[in-house]
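Here the sequence shown is numbered in this note's numbering, starting from 1044 and rising by one per residue.
C-beta atoms are modelled at their ideal positions from N, C-alpha and C, and glycine is treated no differently.
Below you'll find the structure, written out as structure tokens, and then a few comments.
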Amino acid sequence: MTDIQPLTLITPTAAMSAGVHGGRAKCLQRLVRLDMPVPMTVALSFDTVRSIAQGHMPDMNALLAPFGEQPFLSVRPSSLDPDWGGPSAVLNVGMNDARHARLSADIGVEAATAIYLRFVQSYAVHVARLDPDEFFLPDVADADSLKAMLDTYEFETDEPFPQDASVQLAEVLRSMARAWDGTTARLLRQAKGAPIDAGLGLVVQAMAMGVGQGECGSGVIEFVDATSGLPKIVGRYLSQSQGRETIRDAEGAMYLNRDDRGPSLEERCPDVFAQLLVFGDLARKKLREEMQIKFTIEHGVLRILDAIRVQRSSRATVRIAVALANDGIIPREEAVMRVEPAALSELLHRQVDPRAKRDLIVRGIAASPGASAGRIVLTAAEAQASAARGEPCVLVRRETTPEDIRGMHAAQAVLTMRGGVTSHAAVIGRGLGLPCVVGASDLSIDRKKGVISGPDGRKFTAGDLITVDGTTGQILAGEAPMHEAALDGAFQTLLEWADDYRDIGVRANADTPADAQAARNFAAEGIGLCRTEHMFFEGDRLGVMREMIFAEGSDDRRAVLDRLLPMQRDDFEALFTIMAGKNVCVRLFDPPLHEFLPSDKAGMRDLAEQLALPMPEVTERVNALTEYNPMLGMRGVRLGIAIPEIYDMQARAIFDAMVAVGKAGVDISVEIMIPLVSAMREVELVKTRVDGVANAVRAKSKTALNYRLGVMVETPRAALRAQDIAGHAEFLSFGTNDLTQMTYGLSRDDAGRFMSAYVQQGVYAEDPFHTLDVEGVGELVALGAERGRMGRKDVILSICGEHAGSRTAIAFCREHKFDYVSCSPFRVPVARLTAAQLAIASKVKS
Ligand code: PEP
Ligand code: MG
């Protein structure tokens, strides 16, 4: 790119781009093209600024030529993305004794002296890098204070304050160019996503004073409310000012709109105000954005100094994108691309007010987004009691087990000391949309005393108020101020547009009618995973479940299961009715049975009473069910093979429910999924029994039953043997939680303990339970998909582990032409938007 000029006078036709001169310079050119009254400006390219940092100054005469005999200038940074920051602007370059004298005659001695003082101070601190404590602005801007400051400058540098505008400007440019290369500045911008070699451009602009005779001043104006995204004129105007004070000190500011401080800008300068409205509208239409306009009024004449994109909340981001598309300013596709999917996740949940002071107790893993406050409770029973009293509570546990499910339902938030992003608390929390922080291992808990202690020794007792911020992973003392969830019309509209571009299905993992309703509200295309075991922790079922586990022999077990059958049937009826017209994939029972048994003495005693058995017998039976490695033990399809009555009962409940809802006119497409499969024969055996139950129900009800039977691929062997397995399965759903656990040989419940050490030292780029490991686990999934298709050409492929809502997993599934992803209901909107963005991006590429 040899034709890039080191210095470019900004005119409508000058060759300029944001990638060469920075966003501010390019935006100024756009404002010039729109005929806005922008003062004369010269842009310095990234390369020019790089050379300046290395000591090679551009031709200063050429730079100063457009600004006349006595240049008076401002210099502002212009990086590619304004969010990357940059050195502070320097105003009033060219101020010297001669200009001070002229200005004194023009605007008065005090005003001129104040400007000179501010320039010397800014030059001394930012350019000459002198001690700021020696250069504070005096209360009175008079000849003595100016002399004192100029003397201090000379004393500190052994040179008089430079009077030559060219010297001043060269030094300002050099200091700004070097500041960009400083380590802190570099780290700060890299943290905001800037590349290592991000460049800095600079813009040198004729000063528009804002101080003088007649109406003079400066201000900023926006045409949208940055929090709500609704149209609104907001801003500040301060007369006789250069703008800096406007930001620092609102006292005495002349507000744009009338308030008790005095007349509004509109009343003082109706013409200027009307012009600003026109420019605002023009900027919105032509720059295709809501812009904040920075302006100066000089002797009643408006000057536009700059315009930047309005900083905005997530809610406003969505509203603004939709409004711009609705007004025909941007296409819908672009509106969809403009919203960061993570911003949606913020809108779905209450959040801690970003401006609130945070009294941090401890930090853990952010496992389920949103924030809630409540009183500490240490057991599920206390959580239920608290809910019954109408008192919001936070359930604090070392880790949760399925027994805690009712306590979790009752709590406003959950905090655990152990576990990672796929631990029980995390999975359930996300499913319920409940804020959850797990793995807060710096917290200790003394259950006997009912006390938890933070890493700094602070103690909190049951009943104390805390806030769980599941978005950041922070636990805060007290009740933090919150922003409510904001699901408005714009949110729905944006997602409907996203669905028009998306080319992969999005379903929800939903276990209960409440989850299913959430899934439906978020427009999931169906349920991709219903973990049926969660239904057995509800209401009085746990007791019956325990009786079933303790049953002696198959007949007794069947008798107890007969009592569970109507309960399961009711569950499925409710689920199918809510999901009418959609697909529901029901996973047969998966967890090890002992998860349903009590783990402490009090629980064992209750159980002994309930079963009318002596305590020692109960203890012995519970111990007998204990496994060394339950996640690799008697669970999933292994239970289905060893104790087939359980799956028989579930299949029966599913088919009975299908018949019942079918009679009520509900159309439902049901899929039955077998978990933890590792061999084709397991599928054959289960399929035979399930088909047998279906035949029996068909014969009895005289109803056609259409269902599909499929397999959850979550063991490495199932992925490797997918070709055989697909011969007996109409769909394969990859359970990447267990698949990650087994591929890495890494316990999903214990990995949280050392994961941060692993990630910090670069052993793993990311926590593989959080971000799909495309290289390893992904290879198994891809291989399983390919082999599955070899076994059955039209096998339906999906992924339902916790990764499923993430960008990495959706991109992976699109690449391998999967049919859908299935994630927790509250991630469905995020997944819909992400999938649309990936589809749009790939269309642009191809
Ligand atoms: C999985 O293993 O990925 C899965 C979805 O099942 P669960 O988390 O219930 O083990
Ligand atoms: Mg699993």
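Do residue j and residue i have their beta-carbon atoms positioned less than 8 Å apart in this structure?
{"i": "L1826", "j": "T1779", "result": "no"}
{"i": "A1096", "j": "R1221", "result": "yes"}
{"i": "I1715", "j": "I1697", "result": "yes"}
{"i": "R1791", "j": "S1388", "result": "no"}
{"i": "A1409", "j": "P1435", "result": "no"}
{"i": "E1341", "j": "G1255", "result": "yes"}
{"i": "G1111", "j": "S1122", "result": "no"}
{"i": "G1257", "j": "G1343", "result": "yes"}
{"i": "G1516", "j": "R1393", "result": "no"}
{"i": "A1249", "j": "L1107", "result": "no"}
{"i": "L1193", "j": "F1204", "result": "yes"}
{"i": "L1748", "j": "V1754", "result": "no"}
{"i": "V1118", "j": "L1216", "result": "yes"}
{"i": "A1350", "j": "C1070", "result": "yes"}
{"i": "S1865", "j": "L1572", "result": "yes"}
{"i": "V1379", "j": "L1876", "result": "yes"}
{"i": "F1089", "j": "G1242", "result": "yes"}
{"i": "L1308", "j": "F1316", "result": "yes"}
Does the ligand MG have a heavy atom nearer than 7 Å to the CB of residue i?
{"i": "P1718", "result": "yes"}
{"i": "E1822", "result": "no"}
{"i": "E1376", "result": "no"}
{"i": "E1670", "result": "no"}
{"i": "E1425", "result": "no"}
{"i": "E1638", "result": "no"}
{"i": "E1845", "result": "no"}
Per DSSP, which residues does residue i bridge with? Please list them.
{"i": "Y1807", "result": "Answer by DSSP bridge pairing: none, since Y1807 is not bridged."}
{"i": "T1051", "result": "A1086"}
{"i": "H1893", "result": "Since the displayed the chain opens at 1044 and closes at 1889, residue 1893 lies outside it and no answer follows."}
{"i": "D1349", "result": "K1337"}
{"i": "A1414", "result": "D1512"}
{"i": "P1716", "result": "According to the sequence shown, residue 1716 is Met rather than Pro. R1630 and G1753."}
{"i": "A1765", "result": "DSSP, once it has assigned bridges, lists no residue as partnering A1765."}
At a cut-off of 7 Å, would you count residue i as near the ligand PEP, judging by its Cβ distance to the nearest heavy atom?
{"i": "R1574", "result": "yes"}
{"i": "D1174", "result": "no"}
{"i": "G1062", "result": "no"}
{"i": "G1778", "result": "yes"}
{"i": "V1470", "result": "yes"}
{"i": "D1816", "result": "no"}
{"i": "G1447", "result": "Before going on, a small fix: residue 1447 reads as Asp here, not Gly. Answer for D1447: no, Cβ out of range of the ligand PEP."}
{"i": "E1660", "result": "no"}
{"i": "E1757", "result": "yes"}
{"i": "D1793", "result": "no"}
{"i": "D1633", "result": "yes"}
Can you give me the Cβ contacts of residue i inside the same chain, cut-off strictly under 6 Å, excluding the 5 residues immediately before and after it?
{"i": "S1487", "result": "S1496"}
{"i": "A1293", "result": "A caution first: A1293 carries a pLDDT of 40, below 50, which makes its placement in the model unreliable, though a value can still be read off. None."}
{"i": "D1485", "result": "V1405 and P1498"}
{"i": "I1448", "result": "F1580"}
{"i": "A1794", "result": "G1463"}
{"i": "R1331", "result": "I1372 and I1373"}
Hey, could you find the ends of the beta strand (DSSP E) residue i is sitting in?
{"i": "N1135", "result": "V1133 to V1136"}
{"i": "C1070", "result": "It is not in any beta strand (DSSP E) - C1070 instead sits in the alpha helix (DSSP H) that spans G1066 to R1076."}
{"i": "S1117", "result": "L1116 to S1122"}
{"i": "F1915", "result": "As shown, the chain starts at 1044 and ends at 1889. That puts residue 1915 outside it, with no answer to give."}
{"i": "K1328", "result": "Per DSSP, K1328 belongs to no beta strand (DSSP E); it is in the alpha helix (DSSP H), P1313 to L1330."}
{"i": "F1266", "result": "G1260 to V1267"}
Identify, in the order they occur along the chain, each residue of the same chain with its Cβ nearer than 8 Å to the Cβ of residue i, setting aside the five sequence neighbours on each side.
{"i": "T1289", "result": "Residue confidence is low: T1289 scores 42 on pLDDT, short of 50, so the model does not pin down where it sits. No coordinate-derived value is stated."}
{"i": "M1622", "result": "A1559, A1562, R1563, G1569, I1570 and I1711"}
{"i": "R1291", "result": "Low local confidence applies: a pLDDT of 36 at R1291 is under 50, so the model's placement there is unreliable, with the coordinate-based value given in what follows. Nothing meets the Cβ criterion."}
Could you check where the alpha helix (DSSP H) with residue i kicks off and where it finishes?
{"i": "Y1690", "result": "P1687 to K1706"}
{"i": "C1856", "result": "R1850 to E1858"}
{"i": "G1603", "result": "This sequence places Val at residue 1603; Gly is not what is there. V1603 -> alpha helix (DSSP H) spans G1596 to I1621."}
{"i": "F1503", "result": "Per DSSP, F1503 belongs to no alpha helix (DSSP H); it is in the beta strand (DSSP E), K1502 to T1504."}
{"i": "P1659", "result": "M1658 to L1668"}
{"i": "N1552", "result": "First-last for N1552: G1548 to N1552, but that is the beta strand (DSSP E), not the alpha helix (DSSP H)."}
Can you list, in chain order, the residues of its chain whose CB lies under 7 Å from that of residue i, leaving out five sequence neighbours each side?
{"i": "G1679", "result": "D1633, P1718 and L1719"}
{"i": "M1044", "result": "At M1044, the pLDDT of 42 sits below 50, so the modelled position is not reliable and the matter cannot be decided from this model."}
{"i": "E1177", "result": "T1195 and E1199"}
Is the closest heavy atom of the ligand ADP to the C-beta of residue i under 7 Å?
{"i": "D1781", "result": "The model depicted lacks the ligand ADP and carries the ligand PEP and the ligand MG instead."}
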